[in-house]
Amino acid sequence: RSSGVPVYNFCVAVDDALMGVSTVVRAEEHLTNTVRQLLVLEALGFPAPRYAHASLILGSDRSKLSKRHGATSCGQFRKKGYLADAMVNYLALLGWNDGTDKEVYSRADLIDAFSVDRVVPSPAMFDEHKLRWINGQHLRAMAVDDLAALCVRDGFFDRAAIEMTPDTSDDDSSAAFELFASKAVGMAQPKADLVTDVVEVVRDALAYPLRETLALETEAKNPPKQLRELLDDGFASFALDVCASYDRGDAPSWCYDASTLAADDDAARTDLDAWLRALGAATGRSKKRLFLPARLALTGRLAGPDVPAQLETLAAALKAGIAAPGLAPLDCRLAQLKQWAEGRDGARSTIATEAADETAVDAPRSSEAAAPATATTTTTTTGPPISFDEFKKLRKVYEAHRRTLDEDPKAMYDVLVAAYDRLRH
């Protein structure tokens, strides 16, 4: 150049030769430069490398991929939640395949399978939906601890306003922090395609949007059919049953004291499942009618990750002192649930009623003992407690459960009480 700076074709040819480059693979845009670079190498007496030119990568509009199509650097893709291995995997598939239908590769797999002979001449289209899918495959295959460490190290929790600041000088604090990270990521991983999805699922699980979900019944243009059916199936009464059961101490111990939560997922899950099944027996609800209302009552949502996993994550967050937007402890959730249910017409807790009846039966009859011998008792006849039609319906309920509950009279009693309650309300 007039400035004395060597031109590109001279620099790149000399640079390749001095580094001993034997093969150059680059975009087809460099085809016109190849002749000039070969002449430079020949003039300087350097051996020429082999050149291979790959077709361009196109955007969704079939024009050359550029910044107007979205993220343009590895750093931007990383911030969006993409994994390095997934990006390498996807880029390798743009213009190449190994002759099979395989789409998910580790780096080691790619090194073993790649051959320039399999590079195709036609241009490839960059499809972020496909990249996201491949990223999801890699993410869900990661070890939970590795994914948790990545979420913390790269600041994904911080960007989601989930404060992750353990006291590293305190072994108990560090252990509680690691337990939360493990529980949270283990819960969210099956639902995530991107690392950002993981922290969003965790943030949602710590909140309790019960009011927003229930408001869909009246405020949404097209209320979810699932919600309407659930509310019509006595959800308010079931909600009071959940609260009553929790208040009398039926829930697992870690639901009351987060410090007792252990790292053993199976033990915590077994305890919670046992509580929910006991609730089902006490309220006469089969699995089909139990788990969705339990999800809404305990998480405030109709969908999401596994309910036991969500509650374990919540307990782990409380144990570790995690701060997050809208974080709602279980006792606060149930207080909100009870307040809503008590405002619904006809809502009645089977569990609370049974507890009151048992108290009345067990109470000492001192008033009867103190009554004078000459006292007379007046009996008022008010007619049968149920109608004949109600009796026939209760008999059908009994016949439907007779085979399965024949050896468990208490469970049969609970089923009939719940059925009677539904008839009355």
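With the sequence shown counted from 1, adding 4 to any position gets you our numbering.
Beta carbons are placed, not taken as given, at the ideal position from N, Cα and C, and that holds for glycine.
In this text, all values refer to a predicted model and were calculated from it rather than measured experimentally.
Notebook entry, point to check: Could you check where the beta strand (DSSP E) with R30 kicks off and where it finishes?
Noted result: 27 to 31
Next item on the list: Let me know the secondary structure DSSP gives E107 once reduced to three states.
Entry: coil
Margin query: With the cut-off set at 9 angstroms, would you say V29 and V120 are in Cβ contact?
Written below: Yes, the pair counts as a contact, with Cβ atoms nearer than the cut-off.
Check: In this structure, does DSSP put Y2 in helix, strand or coil?
Finding: A query on residue 2 cannot be resolved here, the shown segment of the chain reaching from 5 to 429 and no further.
Note to self: What does the alpha-carbon distance come out to for the pair G387 and E394?
What the structure shows: Confidence is the limiting factor: at G387 the pLDDT is only 49, short of 50, which leaves the residue's position unreliable and the question unanswerable from this model.
Notebook entry, point to check: Who does I326 pair with in a DSSP beta bridge?
Noted result: Note: I326 sits in no beta bridge, so no partner.
Item checked: Closest Cα partner of A21 within the set W100, P194, G49 -> G49
Check: Counting along the chain, where does the alpha helix (DSSP H) carrying G140 start and finish?
Finding: 132 to 145
Notebook entry, point to check: From L322 to L280, what does the alpha carbon distance come to, in whole angstroms?
Noted result: 22 angstroms
Notebook entry, point to check: Cα-Cα, which of D19, V189, V148 is closest to I166?
Noted result: V189
Item checked: Rounded separation between R122 and V16 - CA only -> 27 angstroms
Checklist line | CA-to-CA distance, L334 to R369, given in whole angstroms | finding: Model confidence at R369 stands at a pLDDT of 45, short of 50, so the residue's coordinates are unreliable; what they give is reported in the following sentence. Roughly 39 angstroms separates the two Cα atoms.
Notebook entry, point to check: With burial defined as no fewer than 16 other Cβ atoms inside 10 Å of the residue's Cβ, what is the status of N226: buried or exposed?
Noted result: exposed
Note to self: Quick check: the Cα distance between V11 and T38, rounded to an integer number of angstroms?
What the structure shows: 14 angstroms
Check: When DSSP builds the beta bridges, which residues end up paired with K68?
Finding: L62
Item checked: Terminal residues of the alpha helix (DSSP H) in which S241 lies -> 239 to 251
Checklist line | Rounded Cβ spacing between L135 and Y94 (contact assumed at less than 8 angstroms) | finding: 5 angstroms
Notebook entry, point to check: Is it buried or exposed for T380, if we count other Cβ within 10 angstroms and need 16 for buried?
Noted result: Because the pLDDT at T380 is just 43, under 50, the model does not fix this residue reliably, and the value given afterwards should be weighed accordingly. Result: exposed.
Margin query: Between A240 and A301, how many whole angstroms is the CB-CB distance? I'm expecting something under 8 angstroms.
Written below: With a Cβ gap of about 10 angstroms, A240 and A301 do not count as contacting.
Checklist line | Three-state secondary structure (DSSP) of V123 | finding: strand
Next item on the list: Determine the burial state of C155: buried for a count of at least 16 other Cβ atoms within 10 Å of its Cβ, exposed for fewer.
Entry: So C155 ends up on the buried side.
Notebook entry, point to check: Where do the ends of the alpha helix (DSSP H) carrying K292 lie?
Noted result: 291 to 303
Next item on the list: Take every Cβ of the region 250 to 267, pair it with every Cβ of the region 294 to 309, and state whether three or more of those distances are shorter than 8 angstroms.
Entry: no
Note to self: Quick check: the Cα distance between E32 and Q80, rounded to an integer number of angstroms?
What the structure shows: 26 angstroms
Next item on the list: Please state whether DSSP places A266 in a helix, a strand or coil.
Entry: Residue state, collapsed to three classes: coil.
Margin query: Please tell me whether T317 and A209 are closer than 9 angstroms, where the distance is taken between their beta carbons.
Written below: yes
Check: If you drop the 5 nearest sequence neighbours on each side, which residues of the same chain put their C-beta closer than 8 angstroms to that of S263?
Finding: K323
Checklist line | Close beta carbons around N13, own chain, < 8 angstroms, minus the five adjacent residues each side | finding: N37, R40, Q41, V44
Checklist line | Contact belief for A266 with A272 at Cβ below 8 angstroms, rounded distance in angstroms | finding: 7 angstroms
Check: Across which residues does DSSP place A128 in a beta bridge pair?
Finding: Note: A128 sits in a beta bridge opposite I61.
Next item on the list: Would you give the residue range spanned by the alpha helix (DSSP H) that F160 belongs to?
Entry: 160 to 163
Check: For the putative contact between A96 and L114, defined by C-beta atoms under 8 angstroms, what is the C-beta separation to the nearest angstrom?
Finding: 5 angstroms
Notebook entry, point to check: Would you call P194 buried or exposed, if buried means 16 or more other Cβ atoms sit within 10 Å of its Cβ?
Noted result: Around the beta-carbon of P194, fewer than 16 other beta-carbon atoms lie within 10 Å, marking it exposed.
Next item on the list: Quick one: measure Cβ to Cβ for M191 and A313, integer angstroms, because I've assumed they're closer than 8 angstroms.
Entry: 4 angstroms
Notebook entry, point to check: From this set, G284, P51, T303, G304, which residue's C-alpha is nearest I355's C-alpha?
Noted result: Of the candidates G284, P51, T303, G304, G284 places its Cα closest to the Cα of I355.
Notebook entry, point to check: Does the beta-carbon of D150 have 16 or more other beta-carbons within 10 angstroms, so that it is buried, or is it exposed?
Noted result: exposed
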